[in-house]
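First residue of the sequence shown? That's 298 in the numbering used here, and the numbers climb one at a time after it.
Glycine included, each C-beta is placed from N, C-alpha and C at the ideal position.
Structure first, commentary second.
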Amino acid sequence: MANYNESQRVTVDFNYMMEKSLGAKGIKDSELKAHAKQAEEAYEYVKANRGKDELFMGWTELPYNQDEIVEDILKTAAEVRAKFKYFVVLGIGGSALGPIMAFNALKHLHYNELSDEKRGGPKFYVEDNVDPVRMQALLDVIEPEKTCFNVISKSGATSETMTQYLIIADILKKKGVNLPDNMIFTTDASRGNLIKIDNSYGGAFKKYVLPDGVGGRFSEMCPVGLLPAAVLGIDIKAMLKGAAYMDELCSSAKIENNPALACAVLQYVTMKQGKNINVLMPYSDNLKLMADWYCQLWAESLGKAETYDGKIINAGTTPVKSLGVTDQHSQVQLYIEGPYDKVITFISVGKYACEMPIAHGCEDIPDVGFLGGHTMQELIQAENKATAYALMRAGRMNYTINMPVVNEFTLGQLMYLLELQTAYTGALLNINTFNQPGVEDGKKATFALLGKRGYEAQKAEMDSAPALENKYIV
Ligand code: PA5
């Protein structure tokens with residue numbers, strides 16, 4: 298593993314949230330001070346409940362308790378890399394967004410198009426939908442018998458994932474493939490339908506456990522994310538080390554010494570002011586899908602009807618994904634001049650994987666010629682700074698998470714920072730951050746519509762719902 302040090306520390310700069318930069322539109326130091334006690338309580342709550350399975354807080358310990366699993370994953374990954382041409386994740390939501398995000402962040406942006414030699418591992422796909430066109434498109438580009446399918450589902454009861462499984466299993470069987478030769482299950486230790494399927498094959502499938510106390514959206518640093526990442530040749534030990542490092546950086550109950558707590562308090566204070574849109578805008582194509590992962594983490598965790606003591610609060614702010622600089626030409630106009638209802642979080646990169654010099658030319662056209670001699674890295678960084686500055690000048694709150702480079706170590710830090718931020722914000726709101734009753738309701742309604750046994754009453758209720766009036770259909 299590479300040698301990482303302080304120079305790769307992820308930091309948070311929230312100057313542009315504060316009164317000093319924004320005047321009356323900013324947060325006063327006194328306001329932060331006024332929240333110090335609540336922040337401390339949120340910190341203590343998370344600390345006291347670390348690792349508790351019954352509260353779904355097992356994720357806090359993932360950087361520390363997986364030595365054996367990591368070794369096993371590395372062994373399996375080496376076998377998969379040697380044997381298969383394609384690696385496909387079948388899963389959805391928390392069982393898919395992490396693997397997609399890490400793939401996007403740490404591998405070549407056109408990985409699947411690289412030559413076999415340059416790629417060095419199997420082509421990689423994640424099927425996180427049940428769009429038939431997408432499934433057909435996958436089948437058009439892979440050879441199923443040369444593919445390792447990683448079926449990831451904690452419950453083994455998610456219609457989307459099990460639909461993907463049924464289709465692929467049928468194709469493999471028709472080709473005479475013994476399913477356990479081409480499939481790995483990542484699922485609950487003992488419950489769930491993937492376990493039943495495995496039992497029907499005499500326990501022949503290679504299986505990884507999605508630990509009891511780890512919910513889908515907090516699962517990237519368990520086998521859900523670690524196996525796909527290892528198959529891609531990503532240094533998963535460094536990723537876990539980065540998470541542990543951020544954990545250490547966040548081991549204070551004081552806002553000024555804990556970046557995740559600072560972010561949580563900023564979000565909480567602005568939420569109370571009615572700012573209900575939370576934009577994540579990485580200035581890096583490698584982090585574009587980090588915003589997708591974050592949207593789920595934030596929305597599913599904090600979008601909750603009631604507090605622990607039964608008060609209806611309908612909590613949560615709407616996460617929005619944005620990409621710098623691309624969305625400067627799409628959304629930033631709204632951020633600068635639209636309603637004062639947003640907080641923008643930038644993710645800035647200190648050193649990109651390459652700099653890309655801009656060639657000289659068009660010297661007789663000053664509007665173009667000035668670009669020559671700079672680099673694309675300079676340009677994207679200047680645009681990032683300029684956008685943050687312009688927002689600040691317009692009285693718009695924004696803060697920046699600085700990533701010195703994008704690698705396994707810093708990505709581990711970033712994930713853990715955002716997970717902790719979410720947990721602290723949930724604690725400030727006094728809500729259950731780790732359940733998802735709304736998602737479960739949708740799952741149940743789908744079961745009813747498709748005639749699953751046990752859901753007859755719900756189907757009858759849905760069928761008898763007042764008929765939609767034609768006058769509202771245009
Ligand atoms: O975060 C969550 O808990 C959800 O998004 C789940 O990950 C998603 O619904 C898939 O569930 P499962 O892993 O049980 O198939």
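Could you give the C-beta distance for residue i and residue j, rounded to a whole number, given that I count them as a contact under 8 angstroms?
i      : j      : result
GLY391 : ARG514 : 4 angstroms
PRO556 : THR730 : At roughly 18 angstroms, the Cβ-Cβ gap does not stay under 8 angstroms, so PRO556 and THR730 are not in contact.
ALA526 : ILE533 : 5 angstroms
GLY500 : SER452 : So it is not a contact: roughly 20 angstroms between Cβ atoms.
TYR542 : GLN710 : 6 angstroms
GLN305 : THR707 : 6 angstroms
ALA612 : LEU507 : That pair is no contact at about 27 angstroms.
LYS740 : THR455 : 7 angstroms
GLU341 : ALA550 : 6 angstroms
ILE439 : VAL385 : 7 angstroms
PRO520 : ILE370 : 6 angstroms
Let me make sure I understand the geometry here. Which of the options has the alpha-carbon closest to that of residue i?
i      : options                           : result
ASN575 : VAL703, ALA393, LYS768 and TYR632 : TYR632
GLY692 : GLN305, GLN674 and MET314         : MET314
MET459 : ARG416, PRO636, ILE389 and VAL430 : ILE389
SER516 : ASP544, ASN496 and ASP485         : ASP485
ALA588 : THR604, ALA596, LYS768 and SER619 : SER619
GLU835 : GLN564, SER318, GLY723 and TRP356 : Only positions 298 to 771 of the chain appear in this structure, which leaves residue 835 out of reach.
ASN475 : ASN681, PHE643 and TYR498         : TYR498
GLU328 : VAL423, ILE449 and ALA559         : ALA559
ILE324 : ALA375, LEU711, ASP467 and THR567 : THR567
SER548 : TYR649, LEU352 and GLN718         : GLN718
LYS420 : LEU529, LYS756 and MET712         : LEU529
ALA339 : TYR721, MET759 and THR743         : TYR721
ASP760 : ARG750, LYS768, LEU746 and VAL771 : LEU746
ASN447 : ASP425, VAL622, ASP326 and GLN674 : ASP425
ASP638 : GLU660, LEU688 and CYS519         : LEU688
ASN583 : ALA434, LEU435, GLU737 and LEU403 : LEU403
THR615 : GLU737, ALA321 and LEU594         : LEU594
ALA321 : ARG690, ALA393 and MET673         : ARG690
ALA393 : ILE468, GLY522, LYS768 and MET480 : GLY522
LYS380 : LYS585, ASN704 and PRO441         : PRO441
SER412 : PRO429, LEU435 and LYS382         : LYS382
Return the first residue and the last residue of the beta strand (DSSP E) that residue i is part of.
i      : result
ASN575 : 574-579
ASP310 : 308-310
VAL771 : It is not in any beta strand (DSSP E) - VAL771 carries neither H nor E in the DSSP assignment.
ILE644 : 639-646
VAL385 : 383-387
PHE482 : 480-484
TYR313 : Where TYR313 is concerned, there is no enclosing beta strand (DSSP E), given that its DSSP letter is neither H nor E.
THR697 : 695-700
Which stretch, first to last residue, makes up the alpha helix (DSSP H) that contains residue i?
i      : result
PHE706 : 705-726
THR615 : Counting along the chain, THR615 falls outside any alpha helix (DSSP H), though it belongs to the beta strand (DSSP E) covering 615-618.
CYS445 : CYS445 -> not in any alpha helix (DSSP H); beta strand (DSSP E) instead, spanning 444-450.
GLU660 : Segment: none, GLU660 is in no alpha helix (DSSP H) and carries neither H nor E.
LYS493 : 490-497
MET398 : 394-403
GLU737 : 734-746
GLU424 : Premise fails: GLU424 lies in the beta strand (DSSP E), 420-424, not in any alpha helix (DSSP H).
TYR632 : 629-634
ILE468 : 456-471
MET568 : 556-569
TYR408 : Unbroken run through TYR408: none, as it is neither H nor E.
LYS334 : 333-345
LYS503 : From DSSP, LYS503 is part of no alpha helix (DSSP H) but of the beta strand (DSSP E) over 503-506.
PRO429 : 429-438
PRO654 : From DSSP, PRO654 is part of no alpha helix (DSSP H); its letter is neither H nor E.
GLU603 : Counting along the chain, GLU603 falls outside any alpha helix (DSSP H), and DSSP gives it neither H nor E.
Please output, in chain order, the residues near ligand 1 using a CB cut-off of less than 6 angstroms to any non-hydrogen atom of the ligand. ILE389, GLY390, GLY391, SER392, SER450, LYS451, SER452, THR455, THR458, GLY512, GLY513, ARG514, GLU597, GLN733 and VAL736
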